[in-house]
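Trainee:
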Amino acid sequence: MKGVFCTKDSTIGIDGGPASVRAMLADLIPGCDIFCLEQVHSGRVVLAEDLAPFETPRADGIISRDPGAVLCVRTADCVPVLAWARDMPLNAAVHAGWRGLAQGIVAVCIRMMRSLGARDISAGIGPSIGPCCYEVGREVIDALGAEPLVRSDGSLTVDLREAARSQLLDSGLSGTAIEMHNLCTACNTDRFFSYRRQGQSAGRNLSLIGGESWLLPGLPVG
Ligand SMILES: [Zn+2]
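Following the numbering used here, the numbering of the sequence shown begins with 23 at its first residue and continues without gaps.
#1: Answer yes or no: the CB of residue 147 versus the heavy atoms of ligand 3, is any distance below 8 Å?
#2: Can you name, in chain order, every residue of its own chain whose Cβ lies under 8 Å from the Cβ of residue 91, other than the five neighbours on each side?
#3: My assumption, with CB atoms under 8 Å, is that residue 94 sits in contact with residue 150. Please give the rounded CB distance.
#4: In whole angstroms, what is the alpha-carbon distance linking residue 155 and residue 86?
#5: Determine contact between the stretch 70-84 and the stretch 112-131, defined as no fewer than three beta-carbon pairs at a distance below 8 Å.
#6: Go ahead and label residue 172 buried or exposed: buried means 16 or more other beta carbons lie within 10 angstroms of its beta carbon, across all protein chains shown.
#7: Hey, would you say the C-beta of residue 208 is under 8 Å away from at least one heavy atom of ligand 1?
#8: Specify the secondary structure class of residue 40 as computed by DSSP and reduced to three states.
#9: Can you tell me the Cβ-Cβ gap for residue 104 and residue 225, rounded? I've got them flagged as a contact below 8 Å.
#10: When you compare the stretch 152-169 with the stretch 194-210, are there three or more beta-carbon pairs, one atom per stretch, that lie closer than 8 Å?
#11: Answer yes or no: do residue 227 and residue 78 have a C-beta to C-beta separation smaller than 9 Å?
#12: Among all the DSSP beta bridges, which residues are the ones paired with residue 57?
#13: Using DSSP with H/G/I as helix, E/B as strand and the rest coil, what is residue 152?
#14: Using the C-alpha atoms, what's the distance from residue 109 back to residue 168?
#15: Whole angstroms is fine: what's the gap from residue 243's alpha carbon to residue 23's?
#16: Count the other CB atoms within 10 Å of the CB of residue 185; is the residue buried (16 or more) or exposed (fewer)?
#17: Please classify residue 83: does DSSP put it in a helix, a strand, or coil?
#18: Quick check: what's the CA-CA separation for residue 146 versus residue 197?
#19: Let me make sure I understand the geometry here. Which of 166, 38, 97, 39 has the alpha-carbon closest to that of residue 214?
#20: Between which two residues does the beta strand (DSSP E) harbouring residue 231 extend?
Have a look at this one:
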């Protein structure tokens, strides 16, 4: 196994920033270098080896060539994407909301992984708000270039997980190389945090790859 999409079991009370999450993870999985991001809904992906110790860069994706490094993104409805190369040590974690997806952040990440030498890449898409609950305005649909789903009352929803999957497919991954957890965070607040349901008080779902992250309770990937 490569990583895990954590459930509330391992992320109770998590609503702090990247530094507090890293401190908590350091206790849970000791002996690993842990990387968290100051997430800003950007299209920016950074390389862990370029960072200073304990730096939390303003970015929404991170890549590492160190298989022992643990990469973490925090979400509460946005889409977590974990990716790994099968032909070399290379892991990645991405936080992809509609703004990040509109900036192509998943495609940016895969392009960076290829530029580092990866040829055979797999990915997992984690629990996030589903088209059942993600009502949006026309501006979101236009920014994503996605096909809207129209409800009976005329409101529009969109499928963020499918938008992330499309970027993986367009980046050359095969459908069989993509693991998808089709779980809606807003429909399953017993297991996951949801910003749409819980507002400002929502904690964050952690998604991790690398090291012994998969020891944490949740949905394993890879
Ligand atoms: Zn739902």
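Each residue gets a CB set at the ideal place from its N, CA and C atoms; glycine is no exception.
Keep in mind that this is a model prediction, so the values were computed, not measured.
Mentor: Considering the structure as presented:
#1: No copy of ligand 3 appears in this structure; the ligands present are ligand 1.
#2: 54, 55, 56, 57, 70, 113, 232, 233
#3: 16 Å between Cβ atoms; not a contact.
#4: 34 Å
#5: yes
#6: exposed
#7: yes
#8: helix
#9: The Cβ separation is near 19 Å, so there is no contact.
#10: yes
#11: no
#12: 93
#13: coil
#14: 32 Å
#15: 6 Å
#16: buried
#17: strand
#18: 11 Å
#19: 97
#20: 227-231
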